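Q: Protein sequence lines, in the order shown, are assigned to chains Z and W.
Throughout the first sequence, residue numbering follows the numbering used here, covering -14 to 150 in sequence.
Throughout the second sequence, residue numbering follows the numbering used here, covering 259 to 709 in sequence.
Just so you know, even glycine gets a beta-carbon here, dropped at the ideal spot from N, CA and C.
The structure presented is a predicted model; accordingly, all values stated were derived computationally and were not measured.
Below is one structure. I have some questions about it.
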Amino acid sequence: MSAVYALYPDGVSAQRAVNSLKAAGLGEDAITVVTGEPLEHYQFFETDKSTWMWYIASFGGLVGLAFATWLTRMTELAWPLNTGNMPIVAWWPNLIIMFEMTMLFAILASVLTLLITAGLPGRRGAIYDPQVMDGKILVGVANPRDAAAIERALAVAGAAEVIKK
Amino acid sequence: MSDAYTRQLNDDLLRPLLQTSWRFYLLVAVLGSIVATGLGTWAWQMWNGFGVTGINNPIFWAFYITNFVFWIGISHAGTLISAILRLVNAGWRRPVTRCAEVITAFALMIGALFPIIHLGRPWLFFWLMPYPSERLIWPNFRSPLVWDFFAITTYLTGSVLFLVLPMIPDFALVRDKTTGWRHRVYGALALGWTGTPKQWHRLESAMSIMAIAIIPVAVSVHTIVSFDFSMAPVPMWHSTMFGPYFVAGAIFSGIAGLIIAMAALRKFLHLEAYLHPLHFQNLGKLLLLMSLLWAYFVFAERLTIWYGNEPSEIAVMNVTQRGSFAPLYWTMVVCNFVIPFTILSIRKLRTITGCVIASFGVLIGMWLERFLIVVPSLGHKYLPYSWGVYRPRPVEIMITISTFAAMTLLYVLFSKLVPIISIWEMKAGQHPAHASSEAVAHDAVLGETRA
C-alpha cells in the first residue's frame, strides 16, 4: 500500500489541504485525515458522522429484554418452587433481571458496533504518522493514482514537507 | 491549540508511566504485604470455618456485608458522576472523569468479593449464575442475592467498558511515545487506533449511549443492594425509602472517595496544573448537597419510626441513639453532617485541604452508617429472647483493612500503567476556547476555496 500525506500544524491549514485535494478532483472517501483529538469545529471532521449505533444499541436492548424474559420464565417453570407465597412466575422480581439484561445487551451492542465500524482491532494503515500525537494533523491519500498532483495539492495548502510511502 | 501545549500535556501526563521512583516500589511493597496478609487471613477463615469470625446467631451479617454495601457505595463515585458530567457536557469534568471511573471499577470488584467471602464456601459462588446444571436447578430469581449478581455484573461490565473505551486513544499515544516492550504492549492495547474522524465519531457515539445507559444501571445497583435489606421483615429494614436512601448515601460516599483520590494524585503525581482548586470546590459543593440530602433521609426515616412507635423498631432506634451503639451513631452524625456541613458551607474553608478533611469524615461516617444499618437491627429482632450481640474478631478486621489496602494498591498500579487523566479529552477541551477565532479563519479558508 502506497500513500502520500502531509502534516499540518492546525485545523485551518488542514482544512485548506482537504479543500485543495477536493479541488484536485478527489472525493471525500479518498482523503484520509488523522488527528490526535476530536476537532469538532472543522468541515473535514464532519465526514462519517452518521451512524446506526443508536438503533443497534436499542435493538441490543430489546434482545436482552427478550432473553431475560425467556430465562426467568423458563427457569421458574422448569423448577416450580414456592417462595414466600409468591407466584411461580413472579413478574415484580423478574422485572429487575429484565431491566439489567436490557441495559447490559444495549451496552454490549454499542461497544461491538464501535469496534466493528471503527475497524478495531486492526492494523494501522500506511497513512499514519506518530507526530499527530504532538498536535499535528495528517492529511493524505492512500494508493494515489496521480501522486504528483496530490503532492502539489498538499504543498499548495502550506505543507512544510510532503511524505511519500 | 499550540504544539508546545500538546507536548507539555503529553510530557506531564505520561511522566508517571515512564519514570518510577523508589517510593513507588516501597508503597507497592507495603500495600502488597497488607493485601497478602488479608488473602492469607481469608484462606485461614476458609480452612477453619466461620467460627473464627464474630458472626453468630442472630447476627449473621456484620463486617462483611457492611463492607459490601460500603464498597458498592464508593463505586458510585465514578461512572455515575462521570456519565452525568459527560451528558451535561460540563467542561471541568475532563481531568476528573478517568480518576473517577477507575474508582468504580476497583470498588465494585472489591465490593462484589464480600458476598463471596461471606459465603463461607466461596468456591460454590457459581451457584448464583444461571447455568444449566445437570440437576436442572436454576437460581431463584425471587431472591435479592440473585438480583445483586445480575445488577453488579451489569454495572461492572458497563463501568469497565466505560473506563476502557476512552483509554484506547491514550494507549495509541503511549504506543507512539515509547519503544521496546512498552511500545509492543501499548500497541496491542491501542487496537490499531489511528484517529480518523470515523473512529472519533464512533467512540463519542458509544460513550454517549453508554453514559445514558449507565446512569439508570448505577441507580438500580444500589437500589438492589438496599433491597437485600428492605425485602426482609426485620425492624428498621422493611422500608420503602431504603432505595433512594441507599442511592443518596452511595453517591455521598463516592464523591468523598473521589475527592481523596484526586487530592492524592494531585500531590504525588504533581498534577497541580490539571487538577485545580476549582475541581475540588465543585466536588465540595456536590458533597455538601449530598450531606444535606443524607441528613434529610435520616431525619425522615427516624421521624417516621419514632412517630409510628412500633415496639420492635423503637427498640432498634433506642439502642442506636441511646444504647450501646450510641457512640458510633453520634460519631456517624458528626462525620456525615456536622463536619462536612461546617467546612463545605463556608467558602473560605472549601479549600482542597478542607474538602479532603470533610471527605475523610464522610468515609468514616458512611462506613459506620452501613454498620449501624446491619448490626443493631439483626441484634434486636421482634422477640427479646432472640436478641444478641456482635463483636468483630481479628479475622474480619484484617480482611476489612486489607480491602482498603487493595483499593489503594490497584489505584496506584493503574495510575502507573495508564494516564490517570484522559490526555485526548484534555486536548479536545482546549478547542472551544479558541473556537470563535478558529471559526473566523475557517470561514476565510472556505471563502478562498469557493473563490
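When the cut-off is 9 Å and only beta carbons count, does THR20 (chain Z) lie next to chain W?
A: Within the first sequence, residue 20 (chain Z) is the residue found at index 35, counting from 1. So yes, THR20 (chain Z) belongs to the interface.
Q: Measuring alpha carbon to alpha carbon, tell me which of W:VAL288, W:GLN277, W:LEU267, W:GLU683 ends up nearest ALA664 (chain W).
A: Working through the second sequence from its first residue, we reach residue 664 (chain W) at position 406. Of W:VAL288, W:GLN277, W:LEU267, W:GLU683, the residue nearest in Cα terms is W:VAL288.
Q: Please list, in chain order, all residues of the same chain as ASN268 (chain W) whose beta carbon is under 8 Å from its beta carbon, the five residues on each side excluded.
A: Here residue 268 (chain W) refers to the residue found at position 10 of the second sequence. If we look at ASN268 (chain W) and ignore the five residues flanking it on each side, its Cβ neighbours are LEU431, LYS435, ILE681.
Q: Once DSSP output is grouped into helix, strand and coil, what is the label at GLY49 (chain Z)?
A: For the purposes of this step, residue 49 (chain Z) is identified with residue 64 of the first sequence, where counting begins at 1. DSSP places GLY49 (chain Z) in helix when its eight states are reduced to three.
Q: Compare the Cα-Cα distances from PHE504 (chain W) to each of W:TYR283, W:SER484, W:ALA490, W:ALA522 and report the closest residue.
A: Position 246 of the second sequence, counted from the first residue, corresponds to residue 504 (chain W). Minimum Cα distance to PHE504 (chain W) is reached at W:SER484.
Q: Note down, in chain order, all residues in the region 442 to 473 of chain W with a beta-carbon under 8 Å from any beta-carbon belonging to chain Z.
A: Flagged, chain order: LEU449, GLY450, TRP451, THR452, GLY453, THR454, PRO455, LYS456, GLN457, TRP458, HIS459, ARG460, LEU461, GLU462, SER463, ALA464, ILE467, MET468, ALA471, ILE472.
Q: Tell me the residue span of the alpha helix (DSSP H) that contains TYR322 (chain W).
A: One-based indexing of the second sequence puts residue 322 (chain W) at position 64. TYR322 (chain W) -> alpha helix (DSSP H) spans 321 to 332.
Q: Give me the Cα-Cα distance between PRO353 (chain W) and TYR669 (chain W), rounded to the nearest whole angstrom.
A: Here residue 353 (chain W) corresponds to residue number 95 of the second sequence, with the count starting at 1. Here residue 669 (chain W) corresponds to residue number 411 of the second sequence, with the count starting at 1. In a straight line, the C-alpha of PRO353 (chain W) is about 16 Å away from that of TYR669 (chain W).
Q: If the criterion is Cβ atoms closer than 9 Å, does the pair LEU516 (chain W) and LEU586 (chain W) meet it?
A: Translated into the one-based positions of the second sequence, residue 516 (chain W) becomes position 258. Translated into the one-based positions of the second sequence, residue 586 (chain W) becomes position 328. Contact: no.
Q: Count the other C-beta atoms from every protein chain shown that fall within 10 angstroms of the C-beta of ARG433 (chain W), then say buried if there are 16 or more, exposed otherwise.
A: As a first step, residue 433 (chain W) must be located in the second sequence, where it is residue number 175. The residue is buried, with at least 16 neighbouring Cβ atoms inside 10 Å.
Q: How about ASP434 (chain W): is its C-beta nearer than 9 Å to some C-beta of chain Z?
A: Counted from its first residue, the second sequence places residue 434 (chain W) at position 176. Judged by the 9 Å Cβ criterion, ASP434 (chain W) is in contact with chain Z.
Q: Since ILE148 (chain Z) sits in a beta bridge, which residues does DSSP pair it with?
A: As a working mapping, residue 148 (chain Z) is identified with position 163 in the first sequence. Paired residues: Z:TYR(-10).
Q: Count the other CB atoms within 10 Å of the CB of GLN266 (chain W); is the residue buried (16 or more) or exposed (fewer)?
A: Numbered from its first residue, the second sequence carries residue 266 (chain W) at position 8. With fewer than 16 other Cβ atoms within 10 Å, it is exposed.
Q: Chain W beta carbons: is any one of them nearer than 9 Å to that of THR36 (chain Z)?
A: Taking the first residue of the first sequence as position 1, residue 36 (chain Z) is located at position 51. Yes, THR36 (chain Z) counts as interfacial toward chain W.
Q: So for GLY416 (chain W), helix, strand or coil by DSSP?
A: For the purposes of this step, residue 416 (chain W) is taken as the residue at position 158 of the second sequence. Looking at GLY416 (chain W) - three-state DSSP - the assignment turns out to be helix.
Q: Pull the bridge partners of GLY125 (chain Z) from the DSSP assignment, please.
A: Here residue 125 (chain Z) is taken as the residue at index 140 of the first sequence, counted from 1. According to DSSP, GLY125 (chain Z) bridges with Z:TYR(-10), Z:THR17.
Q: Might you give, ordered along the chain, the residues of its own chain that have their beta carbon closer than 7 Å to the beta carbon of ASN347 (chain W), omitting 5 neighbours on each side?
A: Position 89 of the second sequence, counted from the first residue, corresponds to residue 347 (chain W). None.
Q: Would ALA341 (chain W) pass as a contact of MET468 (chain W) if the rule is Cβ separation under 9 Å?
A: Residue mapping note: residue 341 (chain W) aligns to position 83 of the second sequence, counting from 1. Residue mapping note: residue 468 (chain W) aligns to position 210 of the second sequence, counting from 1. Yes, Cβ-Cβ distance for ALA341 (chain W) and MET468 (chain W) is below 9 Å.
Q: Going by the DSSP bridge assignment, what does ILE317 (chain W) pair with across the sheet?
A: The residue you call residue 317 (chain W) lines up with position 59 of the second sequence. ILE317 (chain W) is bridged to W:ASN314.
Q: GLY637 (chain W) to THR498 (chain W), Cα distance in whole Å?
A: For this step, residue 637 (chain W) is matched to residue 379 along the second sequence. For this step, residue 498 (chain W) is matched to residue 240 along the second sequence. In a straight line, the C-alpha of GLY637 (chain W) is about 22 Å away from that of THR498 (chain W).
Q: By how many angstroms is the C-alpha of LEU272 (chain W) removed from the C-alpha of VAL124 (chain Z)?
A: For the purposes of this step, residue 124 (chain Z) is identified with residue 139 of the first sequence, where counting begins at 1. For the purposes of this step, residue 272 (chain W) is identified with residue 14 of the second sequence, where counting begins at 1. Near 26 Å, if we compare the C-alpha coordinates of LEU272 (chain W) and VAL124 (chain Z).
Q: Going by C-alpha to C-alpha distance, which of W:ALA514, W:PRO397, W:SER549 sits closest to GLU61 (chain Z)?
A: Position 76 of the first sequence holds residue 61 (chain Z). Closest by alpha carbon: W:PRO397.
Q: Could you pull out every unbroken alpha helix (DSSP H) segment of at least 4 residues lying fully inside the region 615 to 684 of chain W, listed in chain order?
A: List check, alpha helix (DSSP H) in window: 652 to 675.
Q: Mind reading off the beta-carbon distance from TYR322 (chain W) to PHE372 (chain W)? Whole number of angstroms is fine, and I expect it under 8 Å.
A: The residue given as residue 322 (chain W) occupies position 64 in the second sequence. The residue given as residue 372 (chain W) occupies position 114 in the second sequence. Indeed they touch by this definition, with Cβ atoms about 5 Å apart.
Q: Leaving out the 5 sequence neighbours to the left and right, which residues in its chain are closer than 7 Å to VAL327 (chain W) when beta-carbon positions are compared?
A: Indexing the second sequence from 1 puts residue 327 (chain W) at position 69. Same-chain partners within the cutoff: VAL483, ARG628.
Q: Cα-Cα, which of W:LEU284, W:ALA558, W:THR264, W:GLN457 is closest to THR121 (chain Z)?
A: Taking the first residue of the first sequence as 1, we reach residue 121 (chain Z) at position 136. Strictly speaking, residue 121 (chain Z) in this sequence is Lys, with Thr absent from that position. Minimum Cα distance to LYS121 (chain Z) is reached at W:THR264.
Q: Using a 10 Å radius around the Cβ and a threshold of 16 neighbouring Cβ atoms, would you call GLU136 (chain Z) buried or exposed?
A: Your numbering for residue 136 (chain Z) matches position 151 in the first sequence. It counts as buried.
Q: Specify the secondary structure class of THR299 (chain W) as computed by DSSP and reduced to three states.
A: Stepping through the second sequence from its first residue, residue 299 (chain W) is reached at position 41. If DSSP states are grouped into helix, strand and coil, THR299 (chain W) belongs with the helices.
Q: Quick one: is ARG137 (chain Z) near chain W, going by C-beta distance under 9 Å?
A: The sequence position of residue 137 (chain Z) within the first sequence is 152, counting from 1. Not one chain W Cβ lies under 9 Å of ARG137 (chain Z).
Q: Any contact between the region 525 to 544 of chain W and the region 571 to 583 of chain W? By contact I mean 3 or more CB pairs, one from each, below 8 Å.
A: Flag = no, the region 525 to 544 of chain W and the region 571 to 583 of chain W do not touch.
Q: Alpha carbon to alpha carbon, how far is LEU50 (chain Z) from THR324 (chain W)? Give it in angstroms, no decimals.
A: Locating residue 324 (chain W) in the second sequence gives position 66, where the first residue counts as 1. Locating residue 50 (chain Z) in the first sequence gives position 65, where the first residue counts as 1. Taking the straight line joining both Cα atoms gives about 32 Å.
Q: When the Cα of PHE429 (chain W) is compared with those of W:THR609, W:LEU449, W:LEU414, W:TYR554, which residue comes out closest?
A: Position 171 of the second sequence, counted from the first residue, corresponds to residue 429 (chain W). Of the candidates W:THR609, W:LEU449, W:LEU414, W:TYR554, the one whose C-alpha sits nearest the C-alpha of PHE429 (chain W) is W:LEU449.
Q: Select from the region 379 to 401 of chain W all residues with a C-beta closer than 8 Å to any C-beta belonging to chain Z, and list them in chain order.
A: Listed by position, the residues of the region 379 to 401 of chain W near chain Z (Cβ gap below 8 Å) are PRO388, LEU394, ILE395, TRP396, PRO397, ASN398, PHE399, ARG400, SER401.
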